[in-house]
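Participant:
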Amino acid sequence: QGLESAAFESTGTHAHTYTLGSVDLSADAGQTTKAVLAKLQAIVAALPALPKLLCLVNNAGSIGDLSKTVDQYAADEIASYTSMNFVSYASLTSGFLEYCGAMGGAVEKVAVVNISSLLAVQAFANWGLYAALKAARDRFLEVAALETQGDGGRTRLLSYAPGPLDNDMQAEVRASIMDPEQRKIYGDMHRQGKLVRVQDSAKAMCDLLDKWEFQSGAHIDYYDV
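Going left to right, the sequence shown walks through residues 38 to 262 as the numbering used here numbers them.
(1) Please state the DSSP three-state secondary structure of Val233.
(2) Evaluate Asn96 with the Cβ neighbour count: other Cβ atoms within 10 Å of its Cβ, from every protein chain shown; 16 or more gives buried, anything less gives exposed.
(3) Look at the alpha carbon of Ala83 and the alpha carbon of Arg220, and state the distance between them as a whole number of angstroms.
(4) Could you give the DSSP three-state label for Lys146: helix, strand or coil?
(5) Given a cut-off of 7 angstroms on the beta-carbon distance, is the pair Val149 and Leu91 in contact?
(6) For Asp203, does the count of other Cβ atoms within 10 angstroms reach 16, so buried, or fall short, so exposed?
(7) According to DSSP, is Thr130 part of a helix, a strand, or is it coil?
(8) Tell me where the beta strand (DSSP E) around Thr119 begins and ends.
(9) Closer than 8 angstroms is the cut-off here; do at least three beta carbon pairs connect the stretch 186 to 193 with the stretch 138 to 152?
(10) In its own chain, which residues sit with a C-beta less than 6 angstroms from the C-beta of Val124, not counting the 5 before and 5 after it?
(11) Apply the 10 Å Cβ neighbour rule to Ile80 and answer buried if 16 or more other Cβ atoms are within range, or exposed otherwise.
(12) What do you reckon, are the CB atoms on Tyr197 and Ile257 nearer than 7 angstroms?
(13) Going by alpha carbons, who is nearest to Gln109 out of Lys231, Met215, Asp244?
(14) Around the Cβ of Ser59, are there at least 16 other Cβ atoms within 10 angstroms (buried) or fewer (exposed)?
(15) Note the first and the last residue of the continuous beta strand (DSSP E) segment covering Tyr197.
(16) Output needed for Leu93: all residues of its chain with C-beta closer than 8 angstroms, excluding positions within five of it in sequence on either side, in chain order.
(17) Taking the straight line between their C-alpha atoms, what separation do you get for Leu74 and Cys137?
(18) Cβ of Lys240 within 6 angstroms of any heavy atom in the ligand COA?
(19) At which residue ranges does the stretch 149 to 190 contain complete alpha helix (DSSP H) runs of 4 or more residues, listed in the order of the chain?
(20) Using beta-carbon positions only, say whether Gly254 and Leu156 come within less than 7 angstroms of one another.
(21) What distance in whole Å lies between the Cβ atoms of Tyr118 and Leu87, which are believed to be in contact at a cut-off of 8 angstroms?
(22) Excluding five sequence neighbours on each side, which residues of the same chain lie with their C-beta closer than 7 angstroms to the C-beta of Tyr260?
(23) Taking 7 angstroms as the limit between beta carbons, can you name the residues of its chain near Ala241, skipping five residues before and five after?
(24) On a CA-only basis, which of Ser213, Gln159, Lys146 is nearest Glu250? Give me that one, please.
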């Protein structure tokens, strides 16, 4: 509902949303990708006309254990986190781009939005795995942008950092982050009402997609919009 209302406010048109069902990101990434794309194909096939824009917004993932420092990670923890937060993301992005590419010019615009983070470009204590994989996700889209630059701007890839959102994830960060400086900063922002409303950040993202002026592969922060 948040994205739907934000899209209406920013574009003046209705954005139709569909629930594809729950998926387990810790399961086999290939099977998960096939399941999601099968449901997407069924939805597109049932539409009376193809949409002008097909957009994958990939916000799935987890923050990990924010009580740990880099010297405390175990190999199995690193592998599990990478599978959930990068392998599944890369597999779905790849499958989505292949699906859209097979459609040729039937769809006017194709977009992939990776919900990124300031941590993709700036390091903070206790965020080792999260920051590393956010940076990897950004670079993955940069490569994809180079590989699709010959399609006349039909395909654009965006890593969008939504800012410190006032949501459940932020509450979890404030409760679990080991670094006292960050705990104080986020606690102060919460008490002072300075966290970003989800609706405001979603609207900024929809504005970027509506204007279609961003450079493919770019990392754009909410505060830079």
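Glycine included, every Cβ here is placed at the ideal spot set by N, Cα and C.
Facilitator: Checking against the coordinates, here is how it stands:
(1) strand
(2) exposed
(3) 48 angstroms
(4) strand
(5) no
(6) buried
(7) helix
(8) No beta strand (DSSP E) holds Thr119; the alpha helix (DSSP H) holding it covers 112 to 119.
(9) yes
(10) Ala66
(11) exposed
(12) yes
(13) Met215
(14) exposed
(15) 192 to 198
(16) Leu129, Thr130, Phe133, Ala148, Val149, Val150
(17) 11 angstroms
(18) For the ligand COA, the structure offers nothing, since it holds no ligand at all.
(19) 165 to 184
(20) no
(21) So it is not a contact: roughly 37 angstroms between Cβ atoms.
(22) Gly200
(23) Tyr259, Val262
(24) Lys146
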